[in-house]
Structure formats: structure tokens, C-alpha cells
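Visitor: Chain order of the listed sequences is A and B. Note that this note's numbering has the first sequence beginning at 5, numbered continuously upward. Note that this note's numbering has the second sequence beginning at 12, numbered continuously upward. Each residue gets a CB set at the ideal place from its N, CA and C atoms; glycine is no exception. Predicted model only: the values in this text are computed from it and were never measured. I am attaching a structure below and will ask some questions about it afterwards.
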Amino acid sequence: AQTVTQSQPEMSVQEAETVTLSCTYDTSESDYYLFWYKQPPSRQMILVIRQEAYKQQNATENRFSVNFQKAAKSFSLKISDSQLGDAAMYFCAYRTIIQGAQKLVFGQGTRLTINP
Amino acid sequence: ETGVTQSPTHLIKTRGQQVTLRCSSQSGHNTVSWYQQALGQGPQFIFQYYREEENGRGNFPPRFSGLQFPNYSSELNVNALELDDSALYLCASSSLTGKRGYTFGSGTRLTVV
């Protein structure tokens, strides 16, 4: 079964600095999708960035980028120029198929605090 | 482009009761998934609906059931509520493949007492 592990329950960073959140996953599939979601106190899961496993190039979205290491099954998120609005829970997720349905398998989350 | 709307936002029920949670999907999405997020945990997949039929289920008992309507909106029903059912219930809509990601609602916070 696919599993996703986020080993950092909490992280903090000074405003305007860079922080990296870690994620590892376990799968036997060769083609898959990975996501980072942000969950602020409003509770809504907001898609931050996604990565297609067959693409070697790391995905980037403005200040957010990933370091995707397929062989190591690692998918870390780098946030540059951290802003106060980045404070939230961050979840790494793996998309898999169960009984024909697409489902996301989430990690336990990392709580990110931004210090002004 | 409308997002995903869930109702109600909060709900308190008594053990043994039944509850119905509602979700409207994002425009252009035909697939709805439901997730249960216990406090301090990542969301867990309950089931997915496509073309008004359940097409996949996670490790949840049959007392968790759902519906999808022709306009792609959905309901989650939970019978015989237990204390452990207290959680945030998230609805997510997507295309069938889900490859471009899922749009989540803000969830319904269910408390069972």
C-alpha cells in the first residue's frame, strides 16, 4: 500500500527567508502524481504545487518549488521569501487508484509558522 | 468559476443519530470524493462518486454512504454515529483522472457527543 511520511510535525522560519518541508512516499507504481496542499485555519485544502512522476524537471509555482527525487521517493517543498500568509498546515499527497477511483493518500502534515 | 461549497459548516449530533453532509462541486468537475480528517491528522479517503455511482471506497464501514446528483453535487450520509466519527469532513471535486489536482471545500466539522 502507498504511504506518505512527513517527518517534521512543526517548522518555523523568519519572514523573507527560505524553508524546506520534507516528504517521502512508498509506492511500486512507475507513473504517479504528487501534490503539496496548504490548509490554513479556514480549513480549506489549497493546492500549492503538483509533480508528475514521469517528468524529470522539478515543478515550480512562483515562490514554491519542489525537489523531486524519484529513486529516493522524496518530494520536498521549498518556500522562498516566506510571507506571513504562508503560515498553515502543509500536507504532502500521493495520487493512487483504488477500485477504479482516484484517491489521495496524505501525510500527517507539517505545521509551518512564520516569524515576523 | 465557482469553487466547492459544503454545508453545514458545523454540526453537533448525538451518538446513534444519522447525519447528512452536502457538497457542491466546482464547475466543470464531474467527480466528487469525500475525506475524513481527524484532529491533527491528514485526511483519509472515504469514497468517490462518478456518474452518480460510487466507484471506489476506502476503509470505512457501510454506515458511511453517499449520493451524487445529475448536477454533480453530492451528499455524505453517516448512520449510527459513533464518538470516533467526530472529525472534519472534506469534499473534493475533480475531473475523473484527478491528474490536475482536486478542489476542496472548507469542510464540515462534525462533533458526536
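Measure from the C-beta of lysine 107 of chain A to each C-beta in chain B and report whether the shortest distance is under 8 Å.
Guide: With 8 Å as the cut-off, lysine 107 of chain A counts as an interface residue toward chain B.
Visitor: Given a threshold of 16 other Cβ atoms within 10 Å of its Cβ, counted over all protein chains shown, does lysine 107 of chain A qualify as buried or as exposed?
Guide: By the 10 Å Cβ count, lysine 107 of chain A comes out buried.
Visitor: Residues of chain B with a CB under 9 Å from the CB of isoleucine 102 of chain A: which are they?
Guide: Near isoleucine 102 of chain A (Cβ distances below 9 Å), the residues of chain B are Phe56, Gln59, Gly67, Arg68 and Gly69.
Visitor: At a threshold of 7 Å, does glutamate 14 of chain A count as lining the ligand ZN (C-beta to nearest heavy atom)?
Guide: Ligands in the displayed structure: none, and consequently the ligand ZN is not present.
Visitor: If you scan the segment 64-96 of chain B from start to end, which runs of the beta strand (DSSP E) of 3 or more residues do you find wholly inside it?
Guide: If we require 3 residues or more, the beta strand (DSSP E) runs fully inside the segment 64-96 of chain B come out as 64-68, 75-79 and 85-89.
Visitor: Got a sec: which bits of the segment 45-67 of chain A sit with their beta carbon under 8 Å from any beta carbon on chain B, in order along the chain?
Guide: Those residues of the segment 45-67 of chain A that come within reach of chain B (Cβ to Cβ, closer than 8 Å) are Ser46, Arg47, Gln48, Met49, Ile50, Leu51, Arg54 and Glu56.
Visitor: I'd like the span of the beta strand (DSSP E) that includes cysteine 102 of chain B, first residue to last.
Guide: Run containing cysteine 102 of chain B: 98-105, per the beta strand (DSSP E) assignment.
Visitor: Is it a yes or a no for the segment 100-108 of chain B touching the segment 83-96 of chain A, going by three-plus beta-carbon pairs under 8 Å?
Guide: Contact fails: fewer than three Cβ-Cβ distances are below 8 Å.
Visitor: List, in chain order, every chain A residue whose beta-carbon is nearer than 8 Å to that of glycine 112 of chain B.
Guide: In chain order: Phe39, Leu51 and Arg54.
Visitor: What are the residues of the segment 78-104 of chain A that lie near chain B, defined by any Cβ-Cβ distance shorter than 7 Å?
Guide: If the cut-off is 7 Å between Cβ atoms, the segment 78-104 of chain A has Phe95, Arg99, Ile102, Gln103 and Gly104 near chain B.
Visitor: Please check if any C-beta of chain B sits within less than 8 Å of the C-beta of glutamine 112 of chain A.
Guide: So, interface residue.
Visitor: Taking buried to mean at least 16 other C-beta atoms within 10 Å of its own C-beta, is tyrosine 29 of chain A buried or exposed?
Guide: Classification of tyrosine 29 of chain A: buried, given that the 10 Å Cβ count is 16 or more.
Visitor: Measure from the C-beta of phenylalanine 75 of chain B to each C-beta in chain A and report whether the shortest distance is under 8 Å.
Guide: With 8 Å as the cut-off, phenylalanine 75 of chain B does not count as an interface residue toward chain A.
Visitor: Between tyrosine 58 of chain A and alanine 20 of chain A, what straight-line distance do the alpha-carbon atoms span, to the nearest angstrom?
Guide: Roughly 32 Å separates the two Cα atoms.
Visitor: Using the rule of at least 16 other Cβ atoms within 10 Å of the residue's Cβ for burial, across every protein chain shown, is proline 54 of chain B buried or exposed?
Guide: With 16 or more other Cβ atoms within 10 Å, it is buried.
Visitor: Contact check, arginine 26 of chain B vs leucine 78 of chain B under 8 Å by CB: the rounded distance?
Guide: That pair is no contact at about 24 Å.
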